[in-house]
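See below for the structure under consideration.
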Amino acid sequence: MRRRLAQRLERIWYGSQPAPPWLAAAEAIYRAFAGRRIARPHKPPPCPVVVVGNLVAGGSGKTPVVAALAEYLTRAGLAVAIVSRGYGGREPLWPMRVTAASTASAVGDEALELFGKTGLPVWVCARRARALRRAVRGGADVVLSDDGLQHAALRRSFEICVVDGRRAFGNRRLLPAGPLRQPLARLDTVDLVLVKRTPNDPGHDLPGTEFWLQPRGLRLVAATGGQVPEPPQAVDAVAGIADPVPFFEQLEASGFIVRRHPLVDHEPLRDEFLAGLVGPIVMTAKDAVRLGPVMRTDIYALDVHARLPQPVLDQVLAHVREFSA
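Position in the sequence shown (from 1) plus 343 gives the number in my numbering.
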């Protein structure tokens, strides 16, 4: 049921299928609610807080951007912490620190992925303001928020909106008739707009600075296994992310023969589904952290890195230093 609903909304939001009247009516209700949340909080935070979010429901490349910023700011000598809502997990009402023993069902796949990528303190709480306070008490010089543009209770000093260059803003309508969580006018209030580009995106004319996700190769997810698959080998590609097409195309561009298995965003990876695939299996890093103990020894993850332009990195670092001066 969830998959059928997601597929129908996909056709409405990003295809040519018109929104039915009941969705348009629900959009009007949502518009009245969203209009009250368009302004960013004015009260300053206790330390530099950089929110990396987007305007649409679903992913746009926020998590790799947060990881890249965390890596750069850490190299600059700053104590960095990350806060997240923990979507896909239990979304605790009190801050929970992600550890090596954490599971995606408890803290969410994105928070667990960020901890694995960076090794930095990652605090999860449905109320991000509480996670921010815990991060500051833990000694953070700067806090990065994975998502949160619409979380009005979270004080912030710098906002980044990430836009998917392939899907852009879809039909430009608000939820649930379209993918927008806030009106497009919200772009006028953020400090920086980043546009994620892929080789086969339609080249929408979008405001902002372009960046690319750079593959870092395949890594073995299972405890044991054989050699990493190489093209032109056939693989089962599994992707439970908002827009799996660029992932599949990335593998195909690398020379693999790809059997595509798109899943709903954050969809659990069930043992019977994985057991029925021919293999080897290649999945996104976000999917890999949702895996429990698996019997297969031929599961691999494709790691990617957000290649941010140097002026973007310099702008964020300059803001952090100016705020802390």
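Where is the CB? At the ideal position from N, CA and C, for every residue including glycine.
Measure the alpha-carbon distance for residue i versus residue j and round it to whole angstroms.
i, j, result
"proline 438", "arginine 477", "7 Å"
"leucine 651", "alanine 411", "7 Å"
"valine 486", "phenylalanine 591", "33 Å"
"aspartate 534", "isoleucine 642", "40 Å"
"valine 465", "proline 364", "42 Å"
"alanine 377", "alanine 644", "37 Å"
"leucine 463", "valine 441", "9 Å"
"glutamate 665", "valine 659", "10 Å"
"threonine 461", "leucine 455", "10 Å"
"valine 479", "proline 389", "8 Å"
"alanine 472", "threonine 627", "30 Å"
"serine 488", "valine 394", "5 Å"
"serine 445", "arginine 354", "36 Å"
"arginine 346", "histidine 604", "12 Å"
"glycine 546", "alanine 511", "9 Å"
"isoleucine 503", "valine 426", "15 Å"
"glutamine 360", "alanine 371", "19 Å"
"glycine 396", "valine 408", "10 Å"
"glycine 432", "glycine 635", "14 Å"
"glutamine 570", "aspartate 630", "21 Å"
"valine 637", "threonine 567", "11 Å"
"alanine 368", "glutamine 525", "16 Å"
"glutamate 669", "proline 589", "The question about residue 669 has no answer, for the chain in this structure spans 344 to 668."
"alanine 449", "arginine 428", "11 Å"
"threonine 541", "aspartate 490", "21 Å"
"alanine 565", "proline 572", "14 Å"
"arginine 351", "alanine 362", "10 Å"
"alanine 661", "serine 667", "10 Å"
"glutamate 716", "valine 467", "This structure leaves residue 716 out entirely; the chain is present only between 344 and 668."
"proline 623", "proline 587", "18 Å"
"phenylalanine 501", "glutamate 434", "24 Å"
"valine 625", "phenylalanine 599", "11 Å"
"alanine 443", "alanine 419", "25 Å"
Roughly how far, in whole angstroms, is the beta-carbon of residue i from the beta-carbon of residue j, given that I think they are within contact range, below 8 Å?
i, j, result
"leucine 517", "valine 647", "Not really, about 30 Å apart at Cβ, beyond 8 Å."
"valine 601", "leucine 594", "5 Å"
"arginine 383", "threonine 532", "5 Å"
"leucine 416", "valine 663", "7 Å"
"leucine 492", "valine 392", "Actually they are not in contact, since the Cβ atoms of leucine 492 and valine 392 sit about 12 Å apart, beyond 8 Å."
"lysine 386", "arginine 498", "5 Å"
Can you list, in chain order, the residues of its chain with a C-beta nearer than 8 Å to that of residue i? Leave out the 5 residues immediately preceding and following it.
i, result
"aspartate 608", "Ala349, Gly401, Gly402, Gly583, Ile584, Ala585"
"arginine 674", "Residue coverage of the chain in this structure runs from 344 to 668, which leaves residue 674 outside it and unanswerable."
"glycine 513", "Trp356, Tyr357, Val399, Gly521, Pro522, Leu523"
"alanine 496", "Pro384, Arg470, Arg471, Ala472"
"valine 621", "Ala577, Asp579, Arg602"
"leucine 530", "Leu398, Cys504, Val536, Pro550"
"threonine 406", "Glu453, Glu456, Leu457, Asp489, Lys629"
Once the 5 residues before and after residue i are set aside, which same chain residues still bring their CB inside 6 Å of it?
i, result
"arginine 559", "Asp646, His648"
"tyrosine 430", "Gly451"
"leucine 421", "Asp484, Val485"
"aspartate 544", "Gly508, Arg509"
"valine 423", "Ala413, Leu416, Thr417, Leu463, Val485"
"leucine 366", "Pro519, Ala520"
"aspartate 654", "Looking at the sequence itself, residue 654 is proline, so the reference to aspartate does not match. No residues qualify anywhere along the chain."
"arginine 374", "Leu517"
"leucine 606", "Gly583"
"leucine 436", "Ala469"
"glycine 404", "Val505, Lys539"
Leaving aside the five residues before and after residue i along the sequence, list all residues of the same chain whose C-beta is less than 7 Å from its C-beta, in chain order.
i, result
"glycine 551", "Val506, Val536, Leu537, Val538"
"serine 597", "Pro574"
"valine 632", "Ala447, Asp452, Leu455, Glu456, Gly459"
"glycine 482", "Ala422"
"leucine 656", "Tyr415"
"histidine 494", "Arg471"
Flag residue i as yes when its Cβ comes closer than 8 Å to any non-hydrogen atom of the ligand PLP, and as no otherwise.
i, result
"asparagine 397", "Among the ligands in the structure shown, none appear at all, so the ligand PLP cannot be discussed."
Within 9 Å of any Cβ in chain C, is that where the Cβ of residue i sits?
i, result
"leucine 497", "In the structure shown, chain C cannot be found, because there is only a single protein chain."
**Request:** Please confirm if the stretch 606-624 is in contact with the stretch 566-583, defined as three or more CB-CB distances below 8 Å between the two stretches.
**Result:** Below 8 Å, enough C-beta pairs join the stretch 606-624 and the stretch 566-583 to call them touching: three or more.
**Asked** Of all the alpha helix (DSSP H) runs that stay within the bounds of the stretch 380-427, which reach a length of 4 or more residues?
**Response** 405-418
**Message:** As an exercise, report each continuous alpha helix (DSSP H) stretch of at least 4 residues that is fully enclosed by the stretch 571-627, in chain order.
**Reply:** 588-596, 614-618
**Asked** What are the uninterrupted segments assigned as alpha helix (DSSP H) that are 4 or more residues long and contained completely in the stretch 468-544, given in chain order?
**Response** Within the stretch 468-544, the complete alpha helix (DSSP H) runs of at least 4 residues are 471-480.
**Item:** In chain order, each beta strand (DSSP E) run of at least 3 residues that lies wholly inside the stretch 431-462
**Value:** none
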